[in-house]
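4 protein chains.
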Amino acid sequence: MAFWFPGYTVPDFSSPPLRDAPLVRFAPVERAGVAPDGYHATSIFPEYFHVEPGRWELLRESRMDCVVVQRPGGALDVVEFRRLQVGDRVALGRGENGEDGIYVHAEAFVEDEGRGDKFAFRTRLTRETSFSIDYDEFYDLLRYERDHGFIVWVLGPALVFDRDARDAFCALIHRGYVHGLLAGNALAVHDVEAALFGTALGQEIYSKRLAPLGHYHHLDAINRVRALGSLKAAVAAGVITDGIMHAALRRGIPVVLAGSIRDDGPLPEVVADVYAAQDRMRAVVRRATTIVALATQLHAIATGNMAPSYRVLEDGTVRPVFFYTVDMSEFAVQKLANRGSLTARSLLTNVQDFVVTVERGLRRREAGTEKTL
Amino acid sequence: MAFWFPGYTVPDFSSPPLRDAPLVRFAPVERAGVAPDGYHATSIFPEYFHVEPGRWELLRESRMDCVVVQRPGGALDVVEFRRLQVGDRVALGRGENGEDGIYVHAEAFVEDEGRGDKFAFRTRLTRETSFSIDYDEFYDLLRYERDHGFIVWVLGPALVFDRDARDAFCALIHRGYVHGLLAGNALAVHDVEAALFGTALGQEIYSKRLAPLGHYHHLDAINRVRALGSLKAAVAAGVITDGIMHAALRRGIPVVLAGSIRDDGPLPEVVADVYAAQDRMRAVVRRATTIVALATQLHAIATGNMAPSYRVLEDGTVRPVFFYTVDMSEFAVQKLANRGSLTARSLLTNVQDFVVTVERGLRRREAGTEKTL
Amino acid sequence: MAFWFPGYTVPDFSSPPLRDAPLVRFAPVERAGVAPDGYHATSIFPEYFHVEPGRWELLRESRMDCVVVQRPGGALDVVEFRRLQVGDRVALGRGENGEDGIYVHAEAFVEDEGRGDKFAFRTRLTRETSFSIDYDEFYDLLRYERDHGFIVWVLGPALVFDRDARDAFCALIHRGYVHGLLAGNALAVHDVEAALFGTALGQEIYSKRLAPLGHYHHLDAINRVRALGSLKAAVAAGVITDGIMHAALRRGIPVVLAGSIRDDGPLPEVVADVYAAQDRMRAVVRRATTIVALATQLHAIATGNMAPSYRVLEDGTVRPVFFYTVDMSEFAVQKLANRGSLTARSLLTNVQDFVVTVERGLRRREAGTEKTL
Amino acid sequence: MAFWFPGYTVPDFSSPPLRDAPLVRFAPVERAGVAPDGYHATSIFPEYFHVEPGRWELLRESRMDCVVVQRPGGALDVVEFRRLQVGDRVALGRGENGEDGIYVHAEAFVEDEGRGDKFAFRTRLTRETSFSIDYDEFYDLLRYERDHGFIVWVLGPALVFDRDARDAFCALIHRGYVHGLLAGNALAVHDVEAALFGTALGQEIYSKRLAPLGHYHHLDAINRVRALGSLKAAVAAGVITDGIMHAALRRGIPVVLAGSIRDDGPLPEVVADVYAAQDRMRAVVRRATTIVALATQLHAIATGNMAPSYRVLEDGTVRPVFFYTVDMSEFAVQKLANRGSLTARSLLTNVQDFVVTVERGLRRREAGTEKTL
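Protein chains in written order, with my numbering: chain R, -13 to 359; chain C, -13 to 359; chain V, -13 to 359; chain X, -13 to 359.
Take a look at the structure:
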C-alpha cells in the first residue's frame, strides 16, 4: 500500500451561513494571564477567523484550550492563558459556525465511514481489535514522514526497562525516524543507568537479575551525570556510550525532558518549571506532523493538549497531524479521548513489543523484503 | 426522584415504507439444528413481523442471534439454532426496514440526547465517570422492580470472597430484591466454604488470614455437599446455615449454576451441559425486567447474549429490560458492547463496594432516612 | 544461549524425617464421586507416596485438587472427585513432609535466587518488566520441545481477530510447534468466519471495516459448518481452506473445543458437557511438556488446574512442565497464581504481537539469521 | 476492634555485629548537588548511624533515595541530592548491617505472619481480595489519627468528577479527618468548576449531562480565579462557596498544588517548579502519620518516594506511618511497590465508592450506630 493521507476540504465561505457571517471581534487583555470575558477558546480542529470582509484566516500552529491573539500587523497567534500580556487583543465568540466570525472546521479530513447497521458487533476499540493494518499503515507513514515530515516521540520510562526495546528505539533514531523527543527525567535516568550499569532501577535490562545493592545504580547514574554537569557533557566525555539519550544527543535531535514531582535527581537538562517545559515541548510539537506516545499517560495527555489535528505547511497546504498512542489499557486510551484528543489512533499493546516490531517492520520494508521475512 | 422509564414508541405501520412492505416469508428446516438459507437473525431490539396484510407481530421473549420460528397456529418463537427441528418454519430476510416484512425497531425507547458540540470533553465511559446518579436511579429502579418486576442477578465468584459483600447480598435476598440467580460452580462453592469454614479458597473472608492447609477447605466443602447429594439437602440438613445459596434456596428463588471447565467438584446442582444450562438460564431471563451482572465476564456475556432490550408484559405493555454490569475494567464493559449488548449500563467499581453500598442505600430509602444518613 | 532446564532433585528418603515415615493409608470410596474423610488432595508439585517400607512412589500424570487412588496391582492414579467409583481406595493424610507417608516435593526444581537486599526496587512482575529474555528463552524452549516435547496451546478468541496473528499461528502449526490445541467454540467460529468471509464477528480481520450486515457472517459460518456436520467435514469438503482449524485438522493435531454458556451454535465438535471436556483436555495435558495460554482467562485457569509442574518421561526422567500465560492485565496473571498455578511464567502484552513476534523469532533462528534481522 | 499499631523493636546494639561496628564516616560535598563517592542512600526504613562509640542515632524525618548530612552540632539530616551544598558532610557506606556504621532496620514493625503451607491459594493481592477488614481498620485508624496523628490525603482529579464523592470528602474535611492535602492543578480546577458551574470538564457532576459549550466551563473557572488572583481570594470573595478547595482553605489546612505539564491555566496557587513543589510536599509529609492516596499514580508515587515507613514522635516514640493507596488497577499498586514503597496497603476499587463508604462508615462509628446501620 502506498502512503496516502486524506485531502483537506476548504470550507465554502461563499455560501450561507459563512457568507453572511460578521467579522470576529477582539478585546484587550486587562490583567496579565487573564482573558477578557467572552474569549474564544481553540479546539484541536482547523479554525477560521473572519478578519476582513470576505477574508477568513486559518490559525497556524494551533492547539486546544488557548485563546487567539491578533498581533499588530494582523497575525493570529494561539496563546496559552498564562502567556497573555496586558493589551493583547483576544478574539471573542463561542459560536462555531460563523455566528461570531469564527468557523471551527471539525470535518476537514473526514473519511468515508460507510453506512451503519442498526445492529452490529465490535464497534469499540479494545485490546481485541485487530492491529495488523495499523502496523502496516504506520510503516508507510513513518517512511513518508522520515523524509517529508517531522516525527515526535513521547516516551514513558518503561521503554528502557527492556533491552530489545531500548536497542530498537536507538535503531529508529539512527535510521532517521525520530525528529523530536519528549520525555521525563525517569526515561533519561533509566536509560543512563542502563548505559552505565546495564540495569534500570537495579534490575538488569536483559537477564532481569536484581543486581546486589542495585538501587544504588539508579542514584549513582544521576549523581554521576550531575557531577559532569549535563547529559551532553557525559556523552561528550565518553561516559555514556549507548542508549537513547546518547543517540539523540549525538544526532542533535531536540529533546525536552520535563520535570515532575516523581523525579529523583534530577538530571541537569530536566526543566524544573513545568510551564517552561510546556513551552519547550510546544516548540517541538509545532513542527510535528506525526506524534507517537508510548506508555505514558502524563506526557501523552500533555502533548495531546498542545497538538492540533492539522498542520499548515510552508506552501500553505493543510495536512493532518497523526497522533498515535500505544498503551496497555483501554482506560488510558479513553482518558485521552475524554480530554478532547479525539483524533488519536491507539494501539493496545506493550510498548516493548511495539517498538521491536516497528523497528523490524521498517527494516524489512527498507530492505524490500517484507514478503520473505 | 420518582421512578420512571422511557415510554415505548410503536412504529408507524400505516405510512411508507412499512405500509407497503411485503409479508415475511418462511422456509422449513431440513436438517435439525441448521437454519435454511437466508434466515433472519434476531437482534436485541423489538422486531415486528408482517404476518398478515396490515398485521405486524412483535416478537415476545426475544434474544439476539436466534431465528424466528412460526408455530402451527401462528405464534412466533425465538429459537436458538441448536434447537431447530426438521420442519420448523423459519423466517427469512435480512432487511431491517420492512423490505422483507421485518422491522427492527432500534429506537423504540430512545431518550433525548441533546445536541452535541463539535468539541467536547468526556464523551467516553471510564472509571472516572460520575456514578452518583446511577446509584440513585438504581435504588429507585430496584424498589420499583421488587414489587412490579423481576430482578435477575448474575454473580461472579469474587462477590463471596468478602464478608461484608456476602452479607449485603444476603440482605438483598431477604428483603426481596433478588428474583433469580445465575452463577457458576465457583460462586456456590466459595459461598458454601464460607458457611462451613469461614474461608474462601482457604482465606478467611474477613481477616484474610490464610488458614493452615486452607486449600482443603475448598475441596472439603465440595466433598461434603456431594456426600449429602445436593445443596438443597445440605441446607435442609442444617449443614449450610448462612450465605447466598442458603438464602436463595430457603426463599425458593430460581438459581441456575452453569458448569464450566474451570470447575472443581462440581456441586450436584451444577448443570454440566452448557447448552442445557443456557436453556435453564434463558428460562429465568425470559421473566427478567432488570438484570445485574457483578464481576463476571463469562456469565455477563452469556446472559447479555440471551437478554433482549425489552419485555412485553402480560397486558401487552412494552417496557425496557435494564441491564447493568459492574466491573473493574473498561475492557470488560467494551467487550460486552462489542458482542452487541449495546444497551447495558455499566458501573466501573469493585463489586464488593457496589453491593455494600446498594444494600445500605436501599435500607436508607426504605427507612425514609436518605436525607439524614 | 543453548536450551537448558533445571535438574530434578530426588528427595533424600534415607534420612529423617522421611526415613522414619509411616506407610500411606488408604480408605475406600463409599459413595460414587465422594472421597472418604481425611483424603489427601494433590498439589501441582511432585508427590511421593510411601507404599512399601522404603519404597516411595512418585505420582505420574498428576494435577492439583485431585485424590490419589491405588489401583489393584498398586498403580497410583490421580483422580478427580467426580470420577471416584465405589470401592476405589483413596490415599489419606494431609501432612506434606512424610507424617502420613506422603511427601510433597515443592522445591524439586528450585533454581538459585541469589541473595536479597533489604531494600530493592522492581520485585513485582508488571507490564513494565523486561521481556526480552523471556522471548529468547521461549524460542530456545520451543525449538527443543518441537523435537523432544509436546507443546499445548490454549487459545482465547482474540487471536483470530487479527490477520497477522492468525497467519502467524498457522505458520507455527505448519512448522511443527503445535502439538495440541485447547480452545472454545468462539475461537473456532471466528476462525471459520475469517476463512469463509474474511471477517470475525462481522469485522474484516485486516481492514477492520464492518461488513454490511456483518453480524450474519458469524451465524452463517456456524450454520454452514453445522449443515456439513463437522469442522472436519467442512475442511474435507474444501469449504474451509485456511486458518487455524484448517491447519490443525489437516495435520491431525488433537484439538479440544470445550463448550461454554457464551457459545453461539455451537460448532459440531464442541464438547457440550464441561466435565467430559475437562477429561478430553486432560488427556492432551497429560502429554504436555510446555503449555502456552494466550489471552484466555477461562481456558488458562482450567488448564492450569489440570497441569502439574513436572512430567515423568518414559525413561523415568523427571522434567519441569513449562506453563506460559500471555495476557494484557496484571489481574489475569495474579488470578492464575491465586488459584495455585504458582509456576506459570507470564508475559504481559497483546497476544497479537506475541504470536507474530514469536513466529518471526523462530523463523530467524531456524534460518540462523538471528544476528542479521 | 480497638485501634492498635505494632510496637517498635529497638535493635540490639549490645550484641554482635552491631556491638563491634565501626563509626560511620562522612565526606564533604565538593560540588553543589553532587554527593561524594560511596555515599549512603536512605531507604524507607528506620536507619541508625553509629556516630559515637556506643551511640547510634536514628534518622528523623527520613525518606528514601536521599543522603544523610551531618550538620554542625551533629544533627543528621536526610537531604535530597539537589539540595546538597558545598561542604555538607555526607554519610558514606552501603552496608546495611553495621559494616559501615549504619544499620537499616527493615523489620522494625514486623508482625506475625504465621506459617506458610507449601501449597496455597490466594497469596496475591487483587481486586478479588476481601477488603472488609481494611475498611474497619481504616475507620479505627482515622478516628485515632484525627485526634493523635496527622492525616495527609493525596488526591487524583477523578475524586471531584462525582458529586457524592466530592460531598463526602468535604464532610471528611469538616469533621476533622483531613490535616494536609496534596494534589495537582486538575483536582483544584475541576473542583472549582463544580463550585461555579456544577460541572467538571463540562459534564454535570451529578446528572452527567454534557453542558452546551461545556468545555468552556473548565477554562472559565481557571480564568475567573486567575482574575481574582488566587483560590484564597476567590473563596474570600464568596465566588467559590463549596467544594474541597473551599473547605480546606476555610479550615486552614495546608494544601500543596504541584504543577505538571498536563496543566491548563494554571491556578495561581499551583507551584510551577516541581522541585519546589517537592519541598512543599515534603514539609507536609514530614508531619504525616497516615497518608491516603486516591486515584493518582503521579502524586502517589511522588508522595511514596518521600514518605518513610516510620515517624519519631516528639517524646521519642517510634510509630509506623501508614500509607494507603486506592486505585482501580493492580498495575498501579505493583508499580508503587516496584518503586520501593513496600509497606503501602492497597484497596482496589473506585475512589468514588471508597470515599463515600468511608465517610458513611466514620459517621456511623461516631454515632455509635455501626451495629444498626
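By construction, the Cβ of each residue, glycine as well, lies at the ideal position given by its N, Cα and C atoms.
From a predicted model like this one, the values you see are computed outputs, not experimental measurements.
| query | result |
| --- | --- |
| Short CB-CB distance (under 9 Å) between ASN291/V and chain X | no |
| HIS160/C, DSSP secondary structure in three states | helix |
| Sequence-distant residues of the same chain with beta carbon closer than 6 Å to ALA330/C, five excluded per side | PHE309, THR311 and LEU322 |
| Under the three-state DSSP convention, the category PHE124/X falls into | helix |
| Same chain, Cβ closer than 6 Å to ILE30/C, neighbours up to 5 away in sequence not counted | MET50, PRO294 and SER295 |
| Rounded C-alpha distance that separates SER1/V from VAL90/V | 16 Å |
| Straight-line gap, LEU4/X to VAL55/X (C-alpha atoms, nearest Å) | 22 Å |
| C-alpha distance - ALA363/C paired with MET231/C, whole-angstrom precision | Summary: the structure shown does not reach residue 363/C, with chain C confined to residues -13 through 359, and so no result is reported for it. |
| Continuous alpha helix (DSSP H) stretch holding GLY347/X: start and end | 337 to 352 |
| Any C-beta of chain X under 9 Å from that of SER116/C | yes |
| Whole-angstrom distance between VAL342/V and LEU333/V, CA atom to CA atom | 14 Å |
| Beta-carbon proximity of ARG248/X to ASN324/X, cut-off 9 Å | no |
| As assigned by DSSP and simplified to three states, the class of GLY290/V | helix |
| Helix, strand or coil at GLN71/R [DSSP, three-state] | coil |
| Endpoints, alpha helix (DSSP H) assigned at ILE208/C | 201 to 214 |
| Opposing strand residues paired with GLU33/X [DSSP bridges] | VAL90/X |
| Three-state secondary structure assigned by DSSP to MET(-13)/R | Any reading at MET(-13)/R must be qualified, since the residue scores a pLDDT of 44, below 50, and its modelled position is unreliable; the value itself is stated next. Coil at MET(-13)/R, not helix or strand. |
| 7 Å Cβ shell around ASN336/V - same chain, five flanking residues per side excluded | MET314 |
| Cα-Cα separation between LEU158/R and GLU345/R, rounded to whole angstroms | 6 Å |
| Buried or exposed by the 16-neighbour rule on C-beta atoms within 10 Å, applied to PRO14/X | exposed |
| Contact list for the stretch 78 to 112 of chain V against chain X, Cβ threshold 8 Å | GLU82, VAL90, ALA92, ASP103, LYS104, PHE105, ALA106, PHE107, ARG108, THR109, ARG110, LEU111 and THR112 |
| Assigned exposure category for PRO22/V - 16 Cβ within 10 Å defines buried | buried |
| Partners in chain C for ASN324/R, counting only beta-carbon separations shorter than 8 Å | PHE107, ARG108, THR109, ARG110, THR112 and GLU114 |
| Any C-beta of chain V under 9 Å from that of VAL175/R | no |
| Rounded separation between ARG193/V and ILE119/R - CA only | Inspection of the sequence shows that residue 193/V is occupied by Ser rather than by Arg. Distance between the alpha carbons of SER193/V and ILE119/R: 6 Å. |
| N- and C-terminal bounds of the alpha helix (DSSP H) containing ASP63/V | Element bounds for ASP63/V: not the alpha helix (DSSP H) but the beta strand (DSSP E), 62 to 65. |
| Short Cβ contact (9 Å threshold) for VAL225/C with ALA234/C | no |
| Sequence-distant residues of the same chain with beta carbon closer than 6 Å to ASP177/C, five excluded per side | VAL146, GLY229, ILE230 and MET231 |
| CB contact check: LYS194/C to chain X, cutoff 9 Å | yes |
| Range of the contiguous beta strand (DSSP E) that encloses VAL10/R | That residue, VAL10/R, is in no beta strand (DSSP E); it is neither H nor E in DSSP. |
| Residue-chain proximity (ASN336/V, chain R), Cβ-Cβ < 9 Å | yes |
| Three-state secondary structure (DSSP) of ALA169/X | strand |
| Same chain, Cβ closer than 6 Å to ALA154/C, five either side skipped, listed in chain order | VAL341, VAL342 and GLU345 |
| Paired residues, beta bridge with ASN83/C - DSSP | TYR89/C |
| Bridge partners - TYR25/X, DSSP secondary structure assignment | LEU78/X |
| Enclosing beta strand (DSSP E) for TYR261/X [first to last residue] | It is not in any beta strand (DSSP E) - TYR261/X instead sits in the alpha helix (DSSP H) that spans 260 to 271. |
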